[in-house]
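> When we follow the numbering used here, the leftmost residue of the sequence shown carries the number 1, and every step to the right adds one.
Ideal Cβ positions, reconstructed from N, Cα and C, are used throughout, including at glycine.
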Amino acid sequence: MLGAARASKEKPVIGVVVKIGGIPWFNAMEAGIKKRSAELGVDAFMVGPTSADPALQVRAIEDLIAKNVDVIGVVPNDAEVLEPVLERARKAGIKVVTHESPKQKQADWDFELASVQGFGEAYAKNLIDALGGKGGYAVFVGSLTVPLHNAWADAANAYIKKNAPDMKLIGDRYGVAEDVDASRSTALDLIRAHPDLKAFLAFGSQGPIGAARAVAERGKKGQILVLGPFSPGQGRKLVHDGVLTGGFMWNPEQAGEVFVTIGTMLTRGEEIKDGTKIEGLGVVHPDGHNLIVDQLVQLNDKTVDDLAKMGL
């Protein structure tokens, strides 16, 4: 039982399964879920697995199906692994909303606060400018099965290849960026093995933190740049220390609010169509079942403290 709550039209129950619990990014998302839940008078909550393991997400979703919630939200670790369990949820009459997983099969809606092209190319442009279009760089993603991280990496790499042919991708990409320790150790190995390494481009909130710690340990401040989305509260000291260069992000607290807003709309039978205004997203123009907007927030030494004060 979800306390004494039961799924009902009067008080919809919305469960949001994230990639991993206990890290700042998803703590901020949980704050947004709780805030919007109170505003709308629904019972919305977050489930955070103990590790970024798709099997744990499947188990959490199965539990929510058994509890007969009205809406299941998911930030997938592996889009394909989740398809069968999301199909079961929808067959049980449960609405499914995903985030960070464009074109997710077996979802009623997926929403993004940044377009793949816009996000990937923003990082590529920043990296080219910072390196003067020369040098080796390595790419971290949350895992090789997270569609959005890999799509960002594809967009960034394609832009760099076209616009800065003197820059060299080291390796292919490394699926470590949801684990700070794995990111740090991988970065240390790459720094040792590649004297021409000039930057880490890390998609996944723990990747920039781990890579920046590695840069600090090896005394490479100012010699190796680290770009990527991260929690401002977690990364602010590294930014001010000059080992975490910065990047772009969207507001995970806002994403938590949007989960609850869309979930509530679905339980009330409200139609989402071209021109619909959704709080947190603005006016949307659906592409299939994808709702994609660009609301990038810049991360640097001038913005990180104010963002951290917001609890991010």
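Give the secondary structure of Val283 by DSSP, where H, G and I count as helix, E and B as strand, and everything else as coil.
Position 283 of the sequence shown holds residue 283. Residue state, collapsed to three classes: strand.
> Unbroken beta strand (DSSP E) runs of length 3 or more, entirely within the region 1-51: which are they?
The region 1-51 contains these whole beta strand (DSSP E) runs: 13-17, 43-47.
> Express the C-alpha separation of Glu178 and Thr264 in angstroms, rounding to a whole number.
Reading the sequence shown from its first residue, position 264 is the one you call residue 264. Reading the sequence shown from its first residue, position 178 is the one you call residue 178. Distance between the alpha carbons of Thr264 and Glu178: 29 Å.
> Suppose you measure from the CA of Arg88 to the CA of Ile94; what does that come to, to the nearest Å?
The residue you call residue 88 lines up with position 88 of the sequence shown. The residue you call residue 94 lines up with position 94 of the sequence shown. C-alpha separation (whole angstroms): 9 Å.
> Can you check whether the CB of Phe111 is closer than 8 Å to the CB of Leu307?
Locating residue 307 in the sequence shown gives position 307, counting from the first residue. Locating residue 111 in the sequence shown gives position 111, counting from the first residue. Not a contact, by the Cβ cut-off of 8 Å.
> Quick one: measure Cβ to Cβ for Val16 and Ala44, integer angstroms, because I've assumed they're closer than 8 Å.
Counted from its first residue, the sequence shown places residue 16 at position 16. Counted from its first residue, the sequence shown places residue 44 at position 44. Right, the Cβ-Cβ distance comes to about 7 Å (below 8 Å), so this counts as a contact.
> Does the distance from the C-beta atom of Gly242 to that of Leu227 stay below 8 Å?
For this step, residue 242 is matched to residue 242 along the sequence shown. For this step, residue 227 is matched to residue 227 along the sequence shown. In this structure, Leu227 does not lie closer than 8 Å to Gly242 by Cβ.
> Do you know whose CA, among Ser115, Pro54, His99, lies nearest Val85's CA?
Here the question's residue 85 lines up with position 85 in the sequence shown. When only C-alpha atoms are compared, the closest one is Pro54.
> So, with DSSP's three-state summary, where would you put Asn157?
Stepping through the sequence shown from its first residue, residue 157 is reached at position 157. Three-state DSSP puts Asn157 in a helix.
> Using a Cβ-Cβ cutoff of less than 6 Å, which residues in the same chain neighbour Leu188 once the five nearest sequence positions on both sides are dropped?
In the sequence shown, counting from the first residue as 1, residue 188 sits at position 188. Excluding positions up to five away in sequence, the list reads Ala214.
> First and last residue of the beta strand (DSSP E) that includes Thr98?
Here residue 98 corresponds to residue number 98 of the sequence shown, with the count starting at 1. Counting along the chain, the beta strand (DSSP E) containing Thr98 begins and ends at 95-99.
> Tell me whether the region 158-167 and the region 99-116 touch, counting them as touching only if at least three CB pairs, one residue from each stretch, are closer than 8 Å.
Flag = no, the region 158-167 and the region 99-116 do not touch.
> Using only CA atoms, which one of Gly41, Phe259, Ile128, Gly73 lies nearest to Phe200?
Taking the first residue of the sequence shown as 1, we reach residue 200 at position 200. Cα-wise, what sits closest to Phe200 is Ile128.
> How far does the alpha helix (DSSP H) with Glu112 in it extend, from its first residue to its last?
In the sequence shown, residue 112 corresponds to position 112, counting from 1. Premise fails: Glu112 lies in the beta strand (DSSP E), 109-112, not in any alpha helix (DSSP H).
> Counting only C-beta atoms, is Gln117 closer than 8 Å to chain D at any point?
Among the chains in the structure shown there is no chain D, since it carries only a single protein chain.
> Can you list, in chain order, the stretches of the beta strand (DSSP E) that have 3 or more residues and sit fully within the region 249-293?
Entirely contained in the region 249-293, the beta strand (DSSP E) runs reaching 3 residues are, in chain order, 290-292.
> Going by C-alpha to C-alpha distance, which of Gly282, Lys34, Pro195, Lys221 sits closest to Glu253?
Your numbering for residue 253 matches position 253 in the sequence shown. Closest option to Glu253, Cα to Cα, is Lys34.
> Name the residue from Gly280, Lys273, Val97 whose alpha carbon lies nearest to the alpha carbon of Pro286.
Against the sequence shown, residue 286 aligns to sequence position 286. If we check each option's Cα against that of Pro286, Lys273 comes out closest.
> Which stretch, first to last residue, makes up the alpha helix (DSSP H) that contains Val304?
As a position in the sequence shown, residue 304 is number 304, starting the count at 1. Where Val304 is concerned, the enclosing alpha helix (DSSP H) stretches over 304-309.
> So who's on the other strand from Tyr174, going by DSSP bridges?
Within the sequence shown, numbered from 1, the residue matching residue 174 stands at position 174. The partner list for Tyr174 (beta bridge, DSSP) reads Phe140.
> Would you decide whether Asp63 is buried or exposed? Buried here means 16 or more other CB atoms lie within 10 Å of its CB.
Numbered from 1 along the sequence shown, position 63 holds the residue referred to as residue 63. That one is exposed.
> Assuming contact is defined by CB atoms lying nearer than 8 Å, are Val96 and Asp108 in contact in what I supplied?
Locating residue 96 in the sequence shown gives position 96, where the first residue counts as 1. Locating residue 108 in the sequence shown gives position 108, where the first residue counts as 1. Yes, these two residues count as a Cβ contact at 8 Å.
> Does the Cβ-Cβ distance between Pro229 and Leu312 come in under 8 Å?
Locating residue 229 in the sequence shown gives position 229, where the first residue counts as 1. Locating residue 312 in the sequence shown gives position 312, where the first residue counts as 1. Cβ atoms of Pro229 and Leu312: not closer than 8 Å.
> Who are the Cβ neighbours of Ser8 in its own chain at under 6 Å, not counting the five residues just before and after it?
Counted from its first residue, the sequence shown places residue 8 at position 8. Caution applies to Ser8, whose pLDDT of 45 falls short of 50 and renders its modelled position unreliable; the value that the coordinates give is listed next. Hits under 6 Å: none found.
> Drop a sphere of 10 angstroms on the beta-carbon of Val283, count the other beta-carbons inside from all chains shown, and report buried for 16 or more, exposed for fewer.
Residue mapping note: residue 283 aligns to position 283 of the sequence shown, counting from 1. When all chains shown are included, Val283 counts as exposed.
> Counting C-beta neighbours from all protein chains within 10 Å, is the total for Ser51 16 or more, i.e. buried, or is it exposed?
Reading the sequence shown from its first residue, position 51 is the one you call residue 51. Exposed, by the Cβ-count rule.
> Candidates Gly132, His149, Thr145: which alpha carbon is nearest Asn139's?
Position 139 of the sequence shown, counted from the first residue, corresponds to residue 139. In the sequence as displayed, the identity of residue 139 is Val instead of Asn. The shortest Cα separation from Val139 among Gly132, His149, Thr145 belongs to His149.
> Is it buried or exposed, Ala124, if we count other Cβ atoms within 10 angstroms and call 16 or more buried?
Counted from its first residue, the sequence shown places residue 124 at position 124. Buried is the call here.
> Where does Lys19 land, buried or exposed, given buried means 16+ other C-beta within 10 angstroms?
Within the sequence shown, residue 19 is the residue found at index 19, counting from 1. Buried.
> Exposed or buried, Pro12, counting other C-beta atoms within 10 Å across all chains shown (16 or more means buried)?
Start at 1 with the first residue of the sequence shown, and residue 12 comes out as number 12. Pro12 is buried by the Cβ-count criterion.
> Just to confirm my understanding: we take Lys269, look at its own chain, exclude 5 residues before and 5 after, and list those with CB closer than 8 Å. What are they?
Taking the first residue of the sequence shown as position 1, residue 269 is located at position 269. A quick correction: the sequence has Gly, not Lys, at residue 269. Contacts found: none.
> State yes or no: is the C-beta of Asp294 within less than 8 Å of the C-beta of Gly118?
One-based indexing of the sequence shown puts residue 294 at position 294. One-based indexing of the sequence shown puts residue 118 at position 118. Yes. Within cutoff.
> Take the Cβ of Gln223 as the centre, count every other Cβ of all protein chains shown within 10 Å, and call the residue buried at 16 or more, exposed below.
Locating residue 223 in the sequence shown gives position 223, where the first residue counts as 1. When all chains shown are included, Gln223 counts as exposed.
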